[in-house]
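Student: Next up is a structure, given as C-alpha cells.
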Amino acid sequence: MSPQEEKEFIERAFQKLKERGWFPGQEFEPSTITEQEISAFEQKHQVTLPSLYKAFLTSYRLPQSDFNSICSVIDRDADGYLSPLWLMIDSPRTMDDVSERMEILQEIRDFCELPEDCFRNLIPIGDWGAGFGPLCIDLSRPEEQADEENEQTWSLVWFDHEDFDWDEQYLGEDGLLHGREAAPGLKVLLEWYFYGSLEDRFEREEGTRPSYEWYQETLKR
215 MSPQEEKEFI ERAFQKLKER GWFPGQEFEP STITEQEISA FEQKHQVTLP SLYKAFLTSY
275 RLPQSDFNSI CSVIDRDADG YLSPLWLMID SPRTMDDVSE RMEILQEIRD FCELPEDCFR
335 NLIPIGDWGA GFGPLCIDLS RPEEQADEEN EQTWSLVWFD HEDFDWDEQY LGEDGLLHGR
395 EAAPGLKVLL EWYFYGSLED RFEREEGTRP SYEWYQETLK R
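Here my numbering is used: the first residue of the sequence shown is 215, the next is one more, and so on.
Here it is, written out as C-alpha cells:
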C-alpha cells in the first residue's frame, strides 16, 4: 500500500470498530505522536518500524479503561478453524510508552539469562488473548513477505508469560527470539479485530452473529 492508502486503511479501521459497537458512547482521540518522535525512537533503538504501524501510531488512540480490550473472530490454525479471542492492543500516548514496554522485555531477558540483543527484532504492541502474553512485531519478518499459508513467515508473534524457558522455546539460530505465530501481520490483525473481516463467515458456519454484546457474554462463560 502507498502511504496514503495506509492512512486511509487505518482511519477506516477505527471507523469500522466504532460501527461494530466497540467503546459505546466514547470517542477516539486523535494521536499526538508525530513523525519526528517516531524517527527519534527509531534512531534510539536502531530499528525501522513498519510503515503501517507508523500510520497506526499517528492516527487515533483507543479510549482508556480498566479492561481496554477488544474481541473478534480470528483464524486460529491452518485448517481455517475460526473462534473468538480477546486482544489488548496498546494505544500509546508517546513513543516513550513503547520504549517502556521494550524495557519490560529486557527485564525478561535478564531474568531468563538470554543472549544480549536477542530482543532487538521485537516491538511490543499489546497482549495476545488479553492475558496470554506480550504480542510483538517481529521486525526480522517483514510483513510484505508474509505468506498466510506459512506461519513461519508471520510478523506478529506472542510469548507465553507463564513460560520462561524462552531460550528453548523461542531462541533461533540467528540469536533472535521468535515467538509463537499470532497473525500474518498488522494489516490482517486490524482486519480481524477492527474490520471484523471473519464475522460473516463465522455466522454462516456457526449460526451465531458476533456482536459487541455477544462478545461481552463470552467473558461470563
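For glycine and all other residues, C-beta sits at the position ideal for the given N, C-alpha and C.
(1) Who are the near neighbours of PHE346 in its chain, counting only those whose CB is closer than 8 angstroms to its CB and skipping five residues on each side?
(2) Let me confirm a value: LEU433 is counted as buried when at least 16 other C-beta atoms fall within 10 Å, else exposed. Which label applies?
(3) Mind checking ASP331: buried by the 16 CB within 10 Å criterion, or exposed?
(4) Assign ASP361 to one of three DSSP states: helix, strand, or coil.
(5) Cα separation between PHE228 and PHE408?
(6) Under 8 angstroms Cβ to Cβ from THR272, same chain only, skipping five residues before and after it: list those, please.
(7) In the structure shown, what three-state DSSP assignment does SER253 receive?
(8) Expressed to the nearest angstrom, what Euclidean distance is found between the alpha-carbon atoms of ASP352 and THR367?
(9) Determine the burial state of SER238: buried for a count of at least 16 other Cβ atoms within 10 Å of its Cβ, exposed for fewer.
(10) Whose CA, out of PHE416, PHE378, GLU357 and ASP414, lies closest to the CA of LEU403?
(11) Using only CA atoms, which one of TRP236, ASP379, TYR429 and TYR295 lies nearest to PHE325?
(12) So TYR429 and PRO298 are in contact, right, with Cβ under 8 angstroms, and what is the actual spacing, rounded?
(13) What residues in its chain sit with their C-beta under 7 angstroms from that of TYR274, if we drop five residues either side in the sequence?
(14) What residue range is occupied by the uninterrupted alpha helix (DSSP H) comprising ALA269?
(15) Sorted by chain position, which residues of the same chain lie with C-beta nearer than 7 angstroms to HIS392's C-beta, five sequence neighbours on each side aside?
(16) Enumerate, from N- to C-terminal direction, the unbroken beta strand (DSSP E) stretches of 3 or more residues contained entirely within the segment 274 to 307.
(17) Are the CB atoms of ALA344 and SER283 nearer to each other than 8 angstroms?
(18) Give the secondary structure of PRO348 by DSSP, where H, G and I count as helix, E and B as strand, and everything else as coil.
(19) What are the start and end residues of the alpha helix (DSSP H) that includes GLU241?
(20) So what's LEU404 in DSSP terms, helix, strand or just coil?
(21) Does the distance from the C-beta atom of GLY410 to that of LYS230 stay below 8 angstroms?
(22) Within a Cβ cutoff of 6 angstroms, which residues of the same chain sit near TRP342, ignoring the five residues on either side of it in sequence?
(23) Mind checking whether PRO329 and GLY389 have CB atoms under 8 angstroms apart?
(24) With DSSP as the reference, identify every bridge partner of PRO338, one or two as the case may be.
Tutor: Let me lay it out:
(1) The residue given as residue 346 occupies position 132 in the sequence shown. Closer than 8 angstroms at Cβ, skipping near neighbours: TRP372, ASP374 and HIS375.
(2) Here the question's residue 433 lines up with position 219 in the sequence shown. Exposed, by the Cβ-count rule.
(3) The sequence position of residue 331 within the sequence shown is 117, counting from 1. Exposed: under 16 other Cβ atoms inside 10 Å.
(4) Position 147 of the sequence shown, counted from the start, is the residue given in the question as residue 361. In the structure shown, ASP361 sits in a strand (DSSP, three-state: E or B).
(5) Within the sequence shown, the letter at position 14 stands for residue 228. Within the sequence shown, the letter at position 194 stands for residue 408. Taking the straight line joining both Cα atoms gives about 6 angstroms.
(6) By one-based count along the sequence shown, residue 272 stands at place 58. Here the set comprises SER245, ILE247, THR248, GLU249 and ILE252.
(7) As a first step, residue 253 must be located in the sequence shown, where it is residue number 39. Residue state, collapsed to three classes: helix.
(8) The residue labelled residue 352 in the question sits at position 138 within the sequence shown. The residue labelled residue 367 in the question sits at position 153 within the sequence shown. Between the alpha carbons of ASP352 and THR367 lies a gap of roughly 10 angstroms.
(9) The residue you call residue 238 lines up with position 24 of the sequence shown. For the record, residue 238 in the displayed sequence is Pro; it is not Ser. So PRO238 ends up on the exposed side.
(10) Taking the sequence shown and counting its residues from 1, one reaches residue 403 at position 189. When only C-alpha atoms are compared, the closest one is GLU357.
(11) On the sequence shown, position 111 is the one that residue 325 refers to. Ranking TRP236, ASP379, TYR429 and TYR295 by Cα distance to PHE325 puts ASP379 first.
(12) Locating residue 429 in the sequence shown gives position 215, counting from the first residue. Locating residue 298 in the sequence shown gives position 84, counting from the first residue. About 6 angstroms; that satisfies the 8 angstroms criterion.
(13) Within the sequence shown, numbered from 1, the residue matching residue 274 stands at position 60. For TYR274, where only same-chain residues beyond five positions count, the Cβ hits under 7 angstroms are PHE228, PHE242, GLU243, PRO244 and SER245.
(14) Counted from its first residue, the sequence shown places residue 269 at position 55. 265 to 271 is the extent of the alpha helix (DSSP H) around ALA269.
(15) Counting from 1 along the sequence shown, the entry for residue 392 is found at position 178. These residues qualify, in order along the chain: ASP352, VAL371, TYR384 and GLY386.
(16) 284 to 289 and 296 to 303
(17) Locating residue 344 in the sequence shown gives position 130, where the first residue counts as 1. Locating residue 283 in the sequence shown gives position 69, where the first residue counts as 1. A contact, by the Cβ cut-off of 8 angstroms.
(18) Here residue 348 refers to the residue found at position 134 of the sequence shown. If DSSP states are grouped into helix, strand and coil, PRO348 belongs with the strands.
(19) The sequence position of residue 241 within the sequence shown is 27, counting from 1. No alpha helix (DSSP H) contains GLU241, which DSSP labels as neither H nor E.
(20) As a position in the sequence shown, residue 404 is number 190, starting the count at 1. Reduced to three states, the DSSP call for LEU404 is helix.
(21) What you label residue 410 is simply residue 196 of the sequence shown in a count that begins at 1. What you label residue 230 is simply residue 16 of the sequence shown in a count that begins at 1. For GLY410 and LYS230, yes; Cβs fall inside 8 angstroms.
(22) Here the question's residue 342 lines up with position 128 in the sequence shown. Only LEU349, TRP372 and ALA396 meet the Cβ criterion.
(23) Here residue 329 corresponds to residue number 115 of the sequence shown, with the count starting at 1. Here residue 389 corresponds to residue number 175 of the sequence shown, with the count starting at 1. It is a contact, given that the beta carbons lie within the stated cut-off.
(24) Here residue 338 refers to the residue found at position 124 when the sequence shown is read from its first residue. According to DSSP, which records beta bridges pairwise, PRO338 is partnered with CYS350.
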